[in-house]
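Keeping their order, the protein sequence lines are chains L and R. Under the working numbering, residues 1368 to 1485 are what the first sequence spells out, in order. Under the working numbering, residues 4 to 895 are what the second sequence spells out, in order. Input: a single structure, listed below in structure tokens.
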Amino acid sequence: MSTQDPTERLELLQGTLDLLILRTLIFGAQHGQGIARAIQQTSQEELLVEHGALYPALQRLEERGWISAKWGVSSNNRKARFYALTAAGRKQLVKETNKWKRLTGAIARILGPESAKG
Amino acid sequence: MFRRKRKLDDFSSEIEAHIQLEIERLREQGLTEEQARATAHRSFGNVMHAEERFYESSRWLWWDHFWQDVRYALRMLRKSPGFTAIAVMTIALGIGATTAIFSVVNATLLHALPYPHAEQLVSIAADFPGAGARDVGMSQPEWQDLQRSGIFEYVSPTWFDENNLTGSSHPARVRILIVAPNYFALLGVKPQLGHAFHPEDHSPGLLEEVVISDGLWKRAFGSDPHILDKSVRMDTDLYRIVGVMPPGFDAPGRTAEERNIEVWAATSFYGTPLPDNPPRNRRFLPTAVARLKPGLSTTQAQSRVDALVAWLQKQFADDYPLQSAWSVRLVPLQERVVGNVRQSLILLLGAVALVLLIGCVNVANLLLARASARGREMALRQALGAGRRRLITQLLTESVFLSLLGGIVGLVILLCTKQYLLRLLPESFPRLANTSISWSVLLFALVSSLVTGAIFGLAPALHAGRVDLTYALKEGARGSTGSGEQARTRRMLVITEFALSVVLMIAAGLLLRSFWDLLNVRLGFCPQNVMAVRTRLPAPNFPENDLYSNAAQETPFLREVLRRARTLPGVQEVAIGDTASVPLDQSLRELKVISEGQFFLTFESSGNQADQPTAVERSSVTPSYFHLLGIPLLRGRFLGESDDDKAPQVAIINEAFARTYWPNQDPLGRRFKRNRTDSPWITVIGVIANARTESLAQAEVPQIYLSLYQSESRRLVIFLRGHMDAAAIPEEVREQVQAVDPTLPISGSQTLNETVSASLAERRFSMKMVGLFAVTALFLAGLGIYGVISYMVSERTHEIGIRIALGADKKNILQMVFRQGLGLAITGAVAGLAGALIVSRLMAGLLYGVRPTDPLTFSSVAFLLIGVALLACYIPARRALRVDPVIALRHE
């Protein structure tokens, strides 16, 4: 499969959306649309986040107590629901980040020589 | 009640806000309004999908589903009231009966004895296995040895006795328990009024203090609040009441008599009226209870007791002849109290559980039939996106709901009929706690309802989950439903039902045969028109107060009572005996074992039996006893009026005794004596036929009858034969006895037929209950096979129509239907017979006269079941015959 086409974005791996949301919120409270934007921009448009999938994920994180939410007003004066990282969420982020790094590190080590050949 | 954390509306407006924000952002990038809206929606994806996922992630979703299912179940049940009624009643019957039996099991087997740390309590019994004697009792020094052994916290002998309470309007017989002063400390129970004995009060003789029961306090003393320190006269001796036990306090005994103690007296079992230095070989203490040291298990304690016994046998070799093999047995007290009903109760619980299971199978069958009628509905639901799991949950909810409904109805029926049901329990059943609908019983009913619902709901639910959509929808369109697999399941269920019923019927059949055989056993005596009335001569602690200290003093009293009783209206014959002489009397088992019945004797050296002490059953009677009971003389002569205290001691023996101890020899003139140094020789003067006076189940129990004029028995039974007014007799006898001695009480008037029947009470109870369950099971199994066969007939109406049209005659059609039904019944019966072989072996201990593999019972049950199956097939078969080929074919 070709990855040359810039419009062809990467689909998110199972479970990584949570990590990305938590990471995005580290810079302060943000609403859903803002989070989606931020993920897309910081990944240099590489990642495809279906906005519809974002909300059930936010809901899940909220239920676990990792983020908190309240209604507020956006920069352009629109009502939006703002999410903020909680202390537990911060801890979870550190944990998940480490886990992710170990995972990608391990996978990179396995793929390393292979990709060198290619 | 439970709310979702966040409303769906809130979620939707968040999404709306998102889309608005996105549109604005895109507009800033220069897109037109329309383009921006389309792009925003595209990048969001499916809004409804997101909303659904939000909804499902909400944590009370299962609750929503549950309510949905319950509401749906209710609607379904209401829509088919006939089905609902039958299913609910079947379950109600099963759960109600199971719960009823469980409440009895709960009150007897599962409840610990109502004393603190009851697991430490044991009963102590001693045996002489070498002499064939059990429960030989213990002597005072032996008790002291056990008390000092360090194995027990406390050891208290318990000596059941009766006493004559005088001072109130009539002299009354009271049930008294003579115990060691540590008895109440041992049990750990305190009186409601006053105090108990001081555990370390070891003064000689009987303590002056007594403790009375709540019942006696209310009955004889009118709940007098100033009862403490009042004096009471029993057997002419004065005692002081120091405590009143709380209501509901029962002594740990095996029979109702032993449990309903009214007076507790304490002694250290030495000093007048007992010997000052009781010898080691006089075992006058019938049984003992003890509390183990904390942390000691019964097995550990037993091994330490065994070591003690071995040491004592060495130390006192003269008192413990090796051949009698003295041993001391510790039995958990609970085991002793409930041990003899355990097997019957477990049998009943098993039987009732089988009925419940058969009920489950029946309802499962009904549900399956309905499930096939609902096949289209299920297929449609699945086609619309209901998952398999969701369908199974829904059907299970329905069935559990159904069985809960059944459980509730069952409990209501149980509560309404409780009074009547409790009366079915034989009086001898130990009731540790009140047999009632307690929380644990309610919990049991709830859990068994849930489990029941799950069991009978499982098969239909799993089937529904396996529906083949295209097939079901197509089939449905043609109006025929059940799949081959479903039919197979239904047949399996009916076979199971039959097998279970066979097991139950065989158990009931064997019990019935045992009972029938016992009822028709040749008694060897004639209980008709005989009444037994009890009285008791006082045994004062001080010999100078004793008016009946020896046979010479007692005989004139006996003769006078006999003479007076003979004058009562309707009375033809009168005799007097001791308690042991009442045939088949179960109420005073303990008394019989130690104080009266068993008799250790030594035979006059005749070679084979020399010197070995032997325990035999003994009773003392007046001469007319044998004629009154219709026991025939085989050889020698009966007792005579002249065999009194001045004449040499004589005895009558029964055939079994002669055959056991003097096989092939003439027993007349042979001599034996009580196993005590001062006892005189007793000469055998007559042999009577065997009679089942000990136990209905045992034909040959060696028995000795002594002359009451030559023995000292204080517990007397007056036998009267004739056409008497049973209600008036106790009062008439009381007048006559009290005319001779006004201090004597009268008690326990009973006809001998009642005594015989009471001896069968436990057997009758288990037989009736198991029989009832078996009939229910048979009925349910019949219904089950009827259901399956008639379903089959209605399913094959079309086929039958074709067959008839093609010229099949009635015989062919009938054969077809019956072959199906019989096939199921025979398969079930064979499986059931195999199961019954196992079960009947387990209940061998409850049987009498039949082998656990009794071929008559087995074959008749099998035939009965097949008969029922044929009957159940008959109705659908007739329907099959009436099939009109024209209509059946047009059905297409």
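Where a beta carbon is used, it is the ideal one built from N, C-alpha and C, also for glycine.
Determine the contact status of leucine 359 (chain R) and glycine 97 (chain R), defining contact as a CB-CB distance below 7 angstroms.
-> yes
Starting from the beta carbon of valine 50 (chain R), find every residue of chain L whose beta carbon is closer than 7 angstroms, and list them in chain order.
-> Gly1419
What three-state label does DSSP hand valine 366 (chain R) in the structure shown?
-> helix
Could you tell me if glutamine 575 (chain R) is buried or exposed, where buried requires 16 or more neighbouring beta carbons within 10 angstroms of its beta carbon?
-> exposed
Go ahead and pull the three-state DSSP assignment for glutamate 599 (chain R).
-> Unreliable positioning characterises glutamate 599 (chain R) in this predicted model, as indicated by a pLDDT of 49, which lies under 50. The coordinate reading is nonetheless provided below. Note: glutamate 599 (chain R) maps to helix in three-state DSSP.
Output the distance between the C-alpha atoms of valine 247 (chain R) and isoleucine 215 (chain R), rounded to the nearest integer angstrom.
-> 5 angstroms
Name the two residues that bound the continuous beta strand (DSSP E) containing tyrosine 242 (chain R).
-> 240-247
Look at the alpha carbon of isoleucine 691 (chain R) and the alpha carbon of phenylalanine 641 (chain R), and state the distance between them as a whole number of angstroms.
-> 9 angstroms
Say the cut is 6 angstroms; is the CB of glycine 298 (chain R) nearer than that to a heavy atom of the ligand GDP?
-> Among the components of this structure there are no ligands whatsoever, and the ligand GDP is therefore not found.
Taking C-alpha atoms, which residue in L:Leu1386, L:Gln1400, L:Lys1437 lies nearest to alanine 1451 (chain L)?
-> L:Lys1437
Short-range partners of chain R found in the segment 1432-1447 of chain L, where Cβ spacing is below 7 angstroms | Ser1441, Asn1443, Arg1445, Lys1446, Ala1447
Is phenylalanine 415 (chain R) buried or exposed, if buried means 16 or more other CB atoms sit within 10 Å of its CB?
-> The question names phenylalanine, but residue 415 (chain R) in the sequence shown is valine. Its Cβ having fewer than 16 others within 10 Å, valine 415 (chain R) is exposed.
Look up lysine 193 (chain R) in the DSSP assignment and say whether it is helix, strand or coil.
-> coil
Under 9 angstroms (Cβ pairs) to chain L, residues found in the segment 6-30 of chain R = Lys8, Arg9, Asp13, Phe14, Ser16, Glu17, Ile18, Ala20, His21, Ile22, Gln23, Leu24, Glu25, Glu27, Arg28
Are any of the Cβ atoms in chain L nearer than 7 angstroms to that of arginine 56 (chain R)?
-> yes
Could you check the C-alpha separation between valine 1461 (chain L) and arginine 40 (chain R) for me, to the nearest Å?
-> 37 angstroms
How would you list, in chain order, the residues of chain R whose beta-carbon sits under 7 angstroms from the beta-carbon of glutamine 1459 (chain L)?
-> Result: empty, since nearest Cβ-Cβ is about 18 angstroms, beyond 7 angstroms.
Could you give the uninterrupted runs of the alpha helix (DSSP H) lying entirely in the segment 124-164 of chain R, keeping only those of 4 residues or more?
-> 143-151
Identify the contact partners of serine 46 (chain R) in chain L, using a Cβ-Cβ distance below 7 angstroms as the criterion.
-> His1418
Find out if the Cβ-Cβ distance for the pair leucine 399 (chain R), glycine 460 (chain R) is shorter than 7 angstroms.
-> yes
Got a sec: is the Cβ-Cβ distance from methionine 1368 (chain L) to anything in chain R below 7 angstroms?
-> Per-residue confidence for methionine 1368 (chain L) stands at a pLDDT of 35, beneath the threshold of 50, marking its modelled position as unreliable; no derived number is given.
Quick one: any contact between the segment 140-148 of chain R and the segment 276-290 of chain R, if contact means 3 or more CB pairs under 8 angstroms?
-> yes
Around the C-beta of valine 252 (chain R), are 16 or more other C-beta atoms found within 10 angstroms, so that it is buried, or is it exposed?
-> Correcting the residue identity first, residue 252 (chain R) is phenylalanine in this sequence and not valine. By the 10 Å Cβ count, phenylalanine 252 (chain R) comes out buried.
With a cut-off of 8 angstroms, do at least 3 Cβ pairs link the segment 147-167 of chain R to the segment 305-313 of chain R?
-> yes
Nearest-angstrom Cα distance between arginine 286 (chain R) and glutamate 703 (chain R)?
-> 27 angstroms
If we count the other Cβ atoms within 10 Å of its Cβ and call it buried at 16 or more, is glutamate 899 (chain R) buried or exposed?
-> Residue 899 (chain R) lies beyond the stretch modelled for chain R, which goes from 4 to 895, so this question has no answer here.
Residues near alanine 847 (chain R) by beta carbon distance below 6 angstroms, same chain, minus five either side = Pro855
Could you give the residue range of the beta strand (DSSP E) that holds arginine 377 (chain R)?
-> Note, arginine 377 (chain R): premise wrong, no beta strand (DSSP E); not H, not E.
CB-CB under 6 angstroms to glutamine 316 (chain R), same chain, minus the five flanking residues each way: which ones, in chain order?
-> Tyr323
Reducing DSSP to helix, strand and coil, say where aspartate 581 (chain R) ends up.
-> strand
Establish whether the CB of alanine 53 (chain R) and some CB of chain L are separated by less than 7 angstroms.
-> yes
In its own chain, which residues sit with a C-beta less than 8 angstroms from the C-beta of lysine 82 (chain R), not counting the 5 before and 5 after it?
-> none
Report the rounded CA-to-CA distance for threonine 1453 (chain L) versus arginine 1431 (chain L), giving the unit in angstroms.
-> 10 angstroms
Since glycine 1382 (chain L) meets chain R, which of its residues come closer than 8 angstroms, beta carbon to beta carbon?
-> Those within 8 angstroms of glycine 1382 (chain L) in chain R number zero; the least Cβ separation is about 15 angstroms.
Where phenylalanine 776 (chain R) sits in the DSSP three-state scheme = helix
Taking the alpha helix (DSSP H) that phenylalanine 404 (chain R) falls in, what are its first and last residues?
-> 391-427
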